[in-house]
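Asks: Below is one structure. I have some questions about it.
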Amino acid sequence: MPAHAGAKMMAQGTYTSEQLLDRILTSLNDDKAEDLVQIDLRGKTSMGDYMVIASGRSTRQVSAMAEKLVQRLKEDFGLNSKIEGKDAGDWVLIDTGDVIVHIFRPEVREFYQLEKMWMPQGAKTSAN
Numbered sequence: 001m002p003a004h005a006g007a008k009m010m011a012q013g014t015y016t017s018e019q020l021l022d023r024i025l026t027s028l029n030d031d032k033a034e035d036l037v038q039i040d041l042r043g044k045t046s047m048g049d050y051m052v053i054a055s056g057r058s059t060r061q062v063s064a065m066a067e068k069l070v071q072r073l074k075e076d077f078g079l080n081s082k083i084e085g086k087d088a089g090d091w092v093l094i095d096t097g098d099v100i101v102h103i104f105r106p107e108v109r110e111f112y113q114l115e116k117m118w119m120p121q122g123a124k125t126s127a128n
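Under UniProt numbering, think of the first position of the sequence shown as 1, with each following residue one higher.
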């Protein structure tokens with residue numbers, strides 16, 4: 001099978017939430033996201049299968065990581081993700097359907113503490 005055939009299959013929507021999660025984590029790591037956390041939402045809510053929370057060092061980096069992620073998901077999966085907050089760059093929400101991505105500046109992330117809301121008690125909050 002040619003290499004582009006796999007990409008075409010993904011573009012037609014035949015991908016799993018795990019494949020989508022893997023691409024999101026790779027994209028954020030490539031763009032030097034900090035304190036990357038993934039949370040399994042299956043069985044907890046119907047809003048998605050996974051949540052990813054990451055930090056960027058500045059509003060510019062947060063916005064750029066979000067923009068690149070949305071672009072990569074469109075190229076790789078044909079996915080048009082919903083994005084909120086990119087212009088401000090303090091907290092960007094990307095809704096891919098199966099995976100919800102939050103990219104914060106560190107101060108904003110500390111203030112909202114989404115990890116505490118969604119992770120089991122006693123779970124480690126840092127995945128790095």
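Even for Gly, the Cβ is constructed at its ideal location relative to N, Cα and C.
(1) Could you spell out where the beta strand (DSSP E) holding Asp35 opens and where it closes?
(2) Are the segment 36 to 46 and the segment 80 to 98 in contact at 8 Å, needing three or more beta carbon pairs?
(3) Distance check for Val108 and Phe77, CA to CA, integer angstroms please.
(4) If you run the structure through DSSP and keep just helix, strand and coil, what is Tyr15?
(5) Starting from the C-beta of Ile39, find all residues in its chain whose C-beta is less than 8 Å away, skip the five residues before and the five after it, and write them out in chain order.
(6) In three-state DSSP terms, what is Ala54?
(7) Thinking C-alpha only, which one of Val99, Leu69, Tyr112, Ser81 is nearest Gly48?
(8) Residue range of the beta strand (DSSP E) that Leu93 falls in?
(9) Please classify Ser58 as buried or exposed, where buried requires at least 16 other C-beta atoms within 10 Å of its C-beta.
(10) Going by alpha carbons, who is nearest to Asn29 out of Glu110, Ile83, Asp87, Met65?
(11) Helix, strand or coil, according to DSSP, for Lys68 in the structure here?
(12) How big is the Cα-Cα spacing for Glu34 and Ser55?
(13) Determine the DSSP secondary structure at His102, reduced to helix, strand or coil.
Replies: If we stick to the structure as given:
(1) Asp35 -> beta strand (DSSP E) spans 34 to 40.
(2) Result no; under three Cβ-Cβ pairs closer than 8 Å.
(3) When rounded, the distance between both Cα atoms is 30 Å.
(4) It is coil, neither helix nor strand.
(5) Close CB contacts of Ile39 within its chain, under the 8 Å cut and outside five residues either way in sequence, are with Tyr50, Met51, Val52, Ile53, Glu115, Trp118, Met119 (chain order).
(6) Annotated three-state conformation of Ala54 is strand, per DSSP.
(7) Minimum Cα distance to Gly48 is reached at Val99.
(8) The continuous beta strand (DSSP E) containing Leu93 extends over residues 91 to 95.
(9) Under this definition Ser58 is an exposed residue.
(10) Selected option, being the one with the closest Cα: Met65.
(11) Here Lys68 sits in helix by DSSP.
(12) So the alpha carbons of these two residues sit roughly 5 Å apart.
(13) His102: strand per DSSP, three-state reduction.
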